[in-house]
Each structure stands twice: as structure tokens, then as C-alpha cells.
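Participant: Numbering (my numbering), first residue to last: 20 to 374.
Positions of the beta carbon are idealized from the N, C-alpha and C atoms, including for glycine.
Quantities reported herein were computed from a predicted structural model and do not represent experimental measurements.
Below: one structure in C-alpha cells.
If you want it as C-alpha cells, here you go:
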């Protein structure tokens with residue numbers, strides 16, 4: 020039987036907020052430093068939680084290049100090391116297996132997580148699309164998150180290694196995600212899963228693709244879990260982009276522009292619903308959704324706007340903002356208390372939705 024891993028296990032991996040962990044020093048020196056004015060968050064009326072405040076202060080003290088200042092290959096390596104250092108201890112899982120499935124123009128790598136021995140009753144299944152701005156991230160950067168959801172929500176998790184930009188520009192990545200979800204639905208029984216209880220999830224860019232997949236395959240998806248999703252590539256100006264996108268809170272507007280340039284090239288995605296799910300003319304009939312955002316995230320407001328649009332269309336839409344933290348918090352339960360709380364909250368909602 021699989022070892023059960025809950026929030027208490029994650030809590031044991033939290034950094035001591037009074038000190039500077041070596042992983043934080045490494046992170047701030049190489050990856051995410053934005054030459055931050057510490058007073059810019061100390062004087063805000065919307066307080067950061069203690070562990071997030073500590074992380075950001077440590078980063079500010081070190082300096083270093085931002086995402087958009089790094090070559091793509093370097094950025095990928097750095098991001099992988101950052102997550103490895105800040106995610107906490109690797110969680111046990113009953114079984115995980117790397118496989119390849121047929122895609123629209125070649126094989127798509129997937130990783131299947133099984134939380135326990137499966138009897139005659141098949142388990143629900145969660146198809147997961149990793150974040151990383153469509154440019155960085157892979158199966159390993161989100162391995163621990165997948166393990167957590169499998170264990171705590173008691174679901175099969177299928178993580179999808181869609182092709183990345185700029186080597187594969189839009190819509191290659193989203194087409195891989197759609198094809199992989201169709202494969203999971205058609206072959207669910209072969210991995211011990213129940214196709215009638217299929218959910219999709221992703222964070223950031225992955226949340227964008229989960230929202231699109233839920234639109235494109237609404238008859239096959241039972242639930243969508245969208246974690247700080249990018250939902251809008253139009254010229255709409257969101258207050259959170261202006262307030263939190265200046266490079267002070269990990270993700271910046273310049274980072275998003277850099278990701279978009281690599282993803283789209285000269286293509287204008289404004290009205291393309293496979294890029295901007297909020298541009299869809301009719302959202303009615305979509306599966307129930309939970310949208311989770313962070314208070315200090317440039318993407319906060321477009322995530323809420325999409326959750327509100329779903330609700331206005333009659334979709335069962337729940338919205339939760341973890342107000343005192345930053346973009347990416349669920350990948351950093353080893354140093355952010357919101358990461359521990361957020362993962363627990365999402366696993367609880369996911370399990371209930373697929374019961």
C-alpha cells in the first residue's frame with residue numbers, strides 16, 4: 020500500500036522563516052532576483068504572509084537575472100533546479116511510470132501516477148499540464164505536485180510533457196494536451212482509471228491549457244482545476260498586471276511578454292480561444308471549475324475574470340485567492356506556507372468533485 024502523505028508531511032519540509040536557507044540563496048543569486056526595493060512590499064496595505072515575505076526579502080538581498088534576461092536553455096535548467104530546491108522532500112508514491120502515447124505528429128511522453136493498489140473499482144483520473152510559460156518546465160518540475168494530488172485526492176494522475184516553445188510554437192503544445200486528454204479518456208481502463216471521472220489541471224501556462232482543454236473536450240471533462248491560469252492574451256489591462264508585474268514578485272509582465280514572444284512569434288492570439296480561453300463566445304455547458312490565484316500575482320485578475328465569466332455563463336465556478344503570496348506558490352511547499360495550505364485545499368476540492 021502507498022504511504023499516505025498529508026499536509027503534516029509537507030509542513031515538516033517548510034524552511035525556518037527566520038533564517039536564509041541555502042536553496043533560497045541559490046534561487047535568488049541565479050534565477051529570480053529582480054533587484055527588488057524591499058520597501059515596495061513592506062509598505063503595501065495588503066500584507067504578504069511571513070514565509071513569502073522572507074523568501075522575497077532573501078531574493079532581493081541577492082539580486083540576479085530575471086526569466087526574460089536568461090537564454091531559454093539556461094532558464095529551463097535554472098527553473099528545474101529552483102523547484103527541486105524549494106518543493107520540499109520528494110513525496111512517496113505507490114507507483115509512477117513514464118510512457119509514450121501517440122500524438123498529432125509523434126509520440127507524447129506522459130507520466131502516470133498510481134496512489135495505491137486498484138481493485139475492481141477504477142479510480143478518478145487527473146490529467147495535468149505543467150506550468151512554465153509554455154517555454155520551461157517539464158515532468159520533473161511538477162513531479163511532487165502530481166504525487167501530492169495522487170495521494171491526497173486518491174486519483175490516477177497523468178502528467179503530459181507537451182512540446183515547448185520556441186522550438187514548437189503555438190498551437191503545437193495545446194494540440195498535444197488535447198490529444199493526450201483524448202487518449203486518457205479512451206484508454207482510462209488500461210491505467211486503472213474511470214473515464215467518467217476525468218479532471219484536468221495545470222498551473223500558470225498549464226492552467227491556460229487546462230482551461231482550453233476543458234472547452235475543447237467539454238463532453239469528456241468532469242472537472243477543471245485551474246491554478247493561477249493565464250487566460251487572456253488581448254490588450255485588456257488588468258490592475259494586477261500593473262500593480263504586481265514590475266518584477267517584484269517572481270513573475271513580471273516582461274517575463275510574460277518574453278514567454279508570449281517565444282510561444283506565438285508573429286501570430287496574434289487575441290481572439291484565438293485555444294490561446295485566450297476567456298475569448299470564447301459561449302462558456303455555458305463547461306465542466307465545474309475551481310480557479311485558484313495568488314494575491315501578489317500579475318495573473319490574479321485575469322484568473323478571477325475567467326472564474327467570473329464561467330459563473331456568469333451558468334457554470335459551477337469556485338474562486339479562491341491566497342491573498343498573501345505569489346505566483347508559483349504551489350510549487351514551493353518546502354518554503355511557502357501557502358504552498359502547503361493551497362495544495363491541501365485543492366486536493367480536498369478535487370477529491371470531492373470526483374467522488
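Taking C-alpha atoms, which residue in 299, 269, 326 and 347 lies nearest to residue 85?
Facilitator: 269
Participant: I'd like to know if the segment 335-348 and the segment 312-321 are in contact, where contact means that at least 3 CB-CB pairs between them fall below 8 Å.
Facilitator: yes
Participant: Give me whichever residues DSSP pairs with residue 338 in a beta bridge.
Facilitator: Its beta-bridge partners are 310.
Participant: Check residue 215 in the structure and name its three-state DSSP category.
Facilitator: Here DSSP, grouped into helix, strand and coil, assigns residue 215 to strand.
Participant: Name, in chain order, the residues that DSSP records as bridge partners for residue 135.
Facilitator: Beta-bridge pairing links residue 135 to no other residue.
Participant: If the criterion is Cβ atoms closer than 8 Å, does the pair residue 146 and residue 200 meet it?
Facilitator: yes
Participant: Ignore the nearest five residues each way along the sequence and tell me which others in residue 161's own chain have a CB closer than 6 Å to its CB.
Facilitator: 149
Participant: Give the C-beta separation of residue 98 and residue 156 to the nearest angstrom, bearing in mind that I take them to be a contact with Cβ-Cβ under 8 Å.
Facilitator: Going by Cβ atoms, the distance from residue 98 to residue 156 rounds to 6 Å, so yes, they are a contact pair.
Participant: Could you tell me the alpha carbon to alpha carbon distance between residue 258 and residue 138, rounded to whole angstroms?
Facilitator: 50 Å
Participant: Please state whether DSSP places residue 223 in a helix, a strand or coil.
Facilitator: Correct three-state label for residue 223: coil.
Participant: When you compare each of 279, 136, 359 and 73 to residue 173 by their alpha carbons, which one comes out closest?
Facilitator: With distances taken between CA atoms, residue 173 lies nearest to 136 out of 279, 136, 359 and 73.
Participant: In three-state terms, what does DSSP make of residue 8?
Facilitator: This structure cannot speak to residue 8, because the chain is shown only from 20 to 374.
Participant: Quick one: grab the DSSP three-state call for residue 403.
Facilitator: Within the shown structure, residues of the chain are numbered from 20 to 374, placing residue 403 beyond reach of any answer.
Participant: I'd like to know whether the C-beta atoms of residue 246 and residue 274 end up nearer to each other than 8 Å.
Facilitator: no
Participant: Hey, out of 165, 122 and 80, whose CA is closest to residue 369's CA?
Facilitator: 165
Participant: May I ask you to report which of helix, strand or coil DSSP gives residue 147?
Facilitator: strand
Participant: Considering residue 292, what are the terminal residues of the alpha helix (DSSP H) in which it resides?
Facilitator: Looking at the DSSP string, residue 292 is not in any alpha helix (DSSP H), and its letter there is neither H nor E.
Participant: Could you check what DSSP says for residue 197 in three-state terms: helix, strand or coil?
Facilitator: helix
Participant: Give the secondary structure of residue 179 by DSSP, where H, G and I count as helix, E and B as strand, and everything else as coil.
Facilitator: Residue 179 falls in the strand class under three-state DSSP.
Participant: Could you tell me which residues DSSP pairs with residue 244 in its beta bridges?
Facilitator: 220 and 309
Participant: For the alpha helix (DSSP H) that residue 153 lies in, which residues bound it at each end?
Facilitator: Per DSSP, residue 153 belongs to no alpha helix (DSSP H) and is neither H nor E.
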